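Written out as structure tokens, the structure is:
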């Protein structure tokens, strides 16, 4: 099978490297602005226009690795309309445009696979979809953002501030120069949407899912969690509650016996709960050139070999409703607003701020309170605490 | 596709239940001594002789769930010679007879799949084989015996004795009435052989792999580990060292940051290390009616759909050599024999016995010393300690 790689950054070049060891697979064209540094020996493969790839009848499959939404959406549609299969690690594209892309794929008799879009090197979506063949999945959850996990783990290990650890994450290449999507939780949001839709066969949207990230966490929060034997992780969460699903992104505190507490540096741990299989978790590298690159090529091989296990099969229309999902929260805030007053359980003053442990309260209620506190310009942070 | 289930115990009946929700799959016959209790409503499916299944041209695939080696081997060969595919969760059979069965399958143009033989409900072997499509695997390791993990975890949690926790494991159905294969490590051995052969594409034998189980661990060992912040787990271990592989089964002590330390009750955690993908771990139920039953049906669906990802593809002839694998050990023994004297690092007396931390020593050397201590009739226990 001849394939093209569109976009030759970290993941695109990783996919190229990973393809080299696979028999019967040939990277026949690469779309990039000029010949990539270090790849002068394959200068002949580089193309300047997507049309060179769209119009090449020998290319059966296109790996989209540009990132973003609008340009890749246009390119992917063009390629599918020309009868080419698509593999993409692009979570933004899949989260925002899956229905449209899926319909286009069906109309053209081609496939679109996106296992690396959630979990990077971890075959999470593939196994999630495979589990659905024999089981009903009732929940998915997990640490799916390596940047945030690196920062939180480093803060727990060192006691350092968020800002210092963000700088270190950038130095190590774990965080991008603009880390907003990671630390504010929107990257985790996209993976939540894709995972929930794959798990439950539905089509929830990004705008349905409340998100609270880690950008306002402080060393004093982490110090307090440490004293309680708790570890903070940014989590995607989605589960079935009757006819609706709860779906949300928030920091969560774990006790020492939880696997999540042992997930160090930039690793991911992603879990499904099935009626038959029970709790099944996957741990590994959620990003990076070779882990993600090989996952791209796994999807390519699946398409080549007719293994169809990475599509979302929409069969239900669940609405997102976070009122039935109830647990306690830790809140640190500069002022106790009326919106949280009703559900405060324990309140202590600490260095001019308040530390609150709430009564069990719904996720909907807490995230709404978070929105109000943000609007009031309060300094605050919150994290879920289990039952 | 019409299938038959041969042997209708925990896993056989679990496979039956799991098959009910899969469209296009029909359990057409069950081999069992009489109609199983609770299954009177499908009495017509029960057969008394394997020949009823072998000679039924409508049956395309046979699930072997009898257990043991000789009888299932005979039945499986008969079925394959009659052109039927095989799915089996039988680790004893696959570990002992894979080459012969694989050759028979090839000769008859049928397939034999065995994902649930190692990892129960965890799609471990499937993903291990899938990873090999794009990656070179350098190591596999893991907690693969739920009975031992239940006992060790319960000892750590309660401080109770091995014998008491073994009794409790039997009461809960986690241990069989004869638990020797679990606690002496032979169950873990079989999964080590199957996993190593799948990972490395080779054909090591059970007799090549030294095994040390947990049947001589005492509450005083666990208490000591607890004081050091260490947790004891029984581990399968196999890794590539140049032209050979190390492969062995032994208890291993983990620090609090290791995922293995957080694996509670009867769960499993199994890990591969790939050149591209890095460390990838799978956590879940390694046994049980529905987890293992659904894994059987996953293999059935794969065969039906032409997804060929659970075979061992033998391409290398690695010899087992445990001399290159070197780490420290904890030893508790009633006497310090010459065989361990050379590599003792720290020795302390404790209640008439000795607690030893060794210098880094090869696995070959330690297991040989264990054999000598056993021959001398010494009371002792040892566990690996990492570097």
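Chains as they are written, first to last, in my numbering: chain R, 33 to 419; chain F, 33 to 419. Backbone N, C-alpha and C fix where the C-beta goes; we use that ideal spot for every residue, glycine too. This structure is a prediction, so every number in the text was calculated from the model and none was measured.
Beta-carbon proximity of residue i to residue j, cut-off 9 Å
{"i": "residue 86 of chain F", "j": "residue 175 of chain F", "result": "no"}
{"i": "residue 322 of chain F", "j": "residue 172 of chain R", "result": "no"}
{"i": "residue 243 of chain R", "j": "residue 236 of chain R", "result": "no"}
{"i": "residue 314 of chain R", "j": "residue 312 of chain F", "result": "yes"}
{"i": "residue 338 of chain F", "j": "residue 338 of chain R", "result": "yes"}
{"i": "residue 165 of chain R", "j": "residue 230 of chain R", "result": "no"}
{"i": "residue 149 of chain F", "j": "residue 177 of chain F", "result": "no"}
{"i": "residue 42 of chain R", "j": "residue 95 of chain R", "result": "no"}
{"i": "residue 151 of chain F", "j": "residue 316 of chain F", "result": "yes"}
{"i": "residue 318 of chain F", "j": "residue 153 of chain F", "result": "yes"}
{"i": "residue 127 of chain F", "j": "residue 221 of chain F", "result": "yes"}
Start and end residues, beta strand (DSSP E) containing residue i
{"i": "residue 377 of chain F", "result": "376 to 382"}
{"i": "residue 58 of chain R", "result": "58 to 63"}
{"i": "residue 365 of chain R", "result": "361 to 365"}
{"i": "residue 277 of chain F", "result": "276 to 286"}
{"i": "residue 297 of chain F", "result": "Where residue 297 of chain F is concerned, there is no enclosing beta strand (DSSP E), given that its DSSP letter is neither H nor E."}
{"i": "residue 173 of chain R", "result": "169 to 175"}
{"i": "residue 40 of chain F", "result": "From DSSP, residue 40 of chain F is part of no beta strand (DSSP E); its letter is neither H nor E."}
{"i": "residue 189 of chain F", "result": "Where residue 189 of chain F is concerned, there is no enclosing beta strand (DSSP E), although the alpha helix (DSSP H) it sits in stretches over 178 to 190."}
{"i": "residue 314 of chain F", "result": "310 to 317"}
Closer than 9 Å to chain R by CB, residue i
{"i": "residue 260 of chain F", "result": "no"}
{"i": "residue 338 of chain F", "result": "yes"}
{"i": "residue 310 of chain F", "result": "yes"}
{"i": "residue 290 of chain F", "result": "yes"}
{"i": "residue 33 of chain F", "result": "no"}
{"i": "residue 294 of chain F", "result": "yes"}
{"i": "residue 162 of chain F", "result": "yes"}
{"i": "residue 306 of chain F", "result": "yes"}
Boundaries of the alpha helix (DSSP H) in which residue i is found, first to last residue
{"i": "residue 329 of chain F", "result": "321 to 336"}
{"i": "residue 133 of chain F", "result": "123 to 140"}
{"i": "residue 417 of chain R", "result": "That residue, residue 417 of chain R, is in no alpha helix (DSSP H); it is neither H nor E in DSSP."}
{"i": "residue 350 of chain R", "result": "Where residue 350 of chain R is concerned, there is no enclosing alpha helix (DSSP H), given that its DSSP letter is neither H nor E."}
{"i": "residue 222 of chain F", "result": "218 to 232"}
{"i": "residue 399 of chain R", "result": "395 to 407"}
{"i": "residue 108 of chain F", "result": "102 to 113"}
CB contact check: residue i to chain F, cutoff 9 Å
{"i": "residue 190 of chain R", "result": "no"}
{"i": "residue 346 of chain R", "result": "no"}
{"i": "residue 154 of chain R", "result": "yes"}
{"i": "residue 335 of chain R", "result": "no"}
{"i": "residue 257 of chain R", "result": "no"}
{"i": "residue 314 of chain R", "result": "yes"}
{"i": "residue 159 of chain R", "result": "yes"}
{"i": "residue 150 of chain R", "result": "no"}
{"i": "residue 53 of chain R", "result": "yes"}
{"i": "residue 50 of chain R", "result": "yes"}
is_contact[residue i, chain C] using C-beta, thresh 9 Å
{"i": "residue 211 of chain F", "result": "In the displayed structure, chain C is absent; the protein chains listed are R and F."}
Exercise for review: Evaluate contact between the stretch 406 to 413 of chain F and the stretch 364 to 372 of chain F, counting only Cβ atoms and requiring at least three cross-stretch pairs below 8 Å.
Suggested key: yes
Review point. Would the stretch 207 to 227 of chain R and the stretch 322 to 331 of chain R be scored as touching if the rule is three or more Cβ pairs under 8 Å?
Key: no
Exercise for review: Could you tell me whether the stretch 274 to 281 of chain F touches the stretch 347 to 354 of chain F, where touching means 3 or more Cβ pairs closer than 8 Å?
Suggested key: yes
Point to revise | chain F contacts made by the stretch 165 to 194 of chain R, where a contact means CB separation under 7 Å | key: 165, 166, 167
**Study point:** Selection of the stretch 316 to 335 of chain F by Cβ proximity to chain R, strictly under 8 Å
**Key:** 316, 317, 320, 322, 323, 325, 326, 327, 329, 330, 333
Check your understanding: Got a sec: which bits of the stretch 224 to 249 of chain F sit with their beta carbon under 9 Å from any beta carbon on chain R, in order along the chain?
Key -> none
Review point. Three or more C-beta pairs closer than 8 Å, one from the stretch 177 to 185 of chain R and one from the stretch 258 to 267 of chain R: is that the case here?
Key: yes
Exercise for review: Say whether the stretch 65 to 75 of chain F touches the stretch 334 to 348 of chain F, bearing in mind that this needs 3 or more beta-carbon pairs closer than 8 Å, one atom from each stretch.
Suggested key: no
Practice item. Could you say if the stretch 76 to 83 of chain F and the stretch 185 to 199 of chain R meet the contact criterion of at least three C-beta pairs nearer than 8 Å? Key: no
**Study point:** the stretch 253 to 264 of chain F contacting the stretch 136 to 151 of chain F, beta-carbon criterion three pairs below 8 Å
**Key:** no
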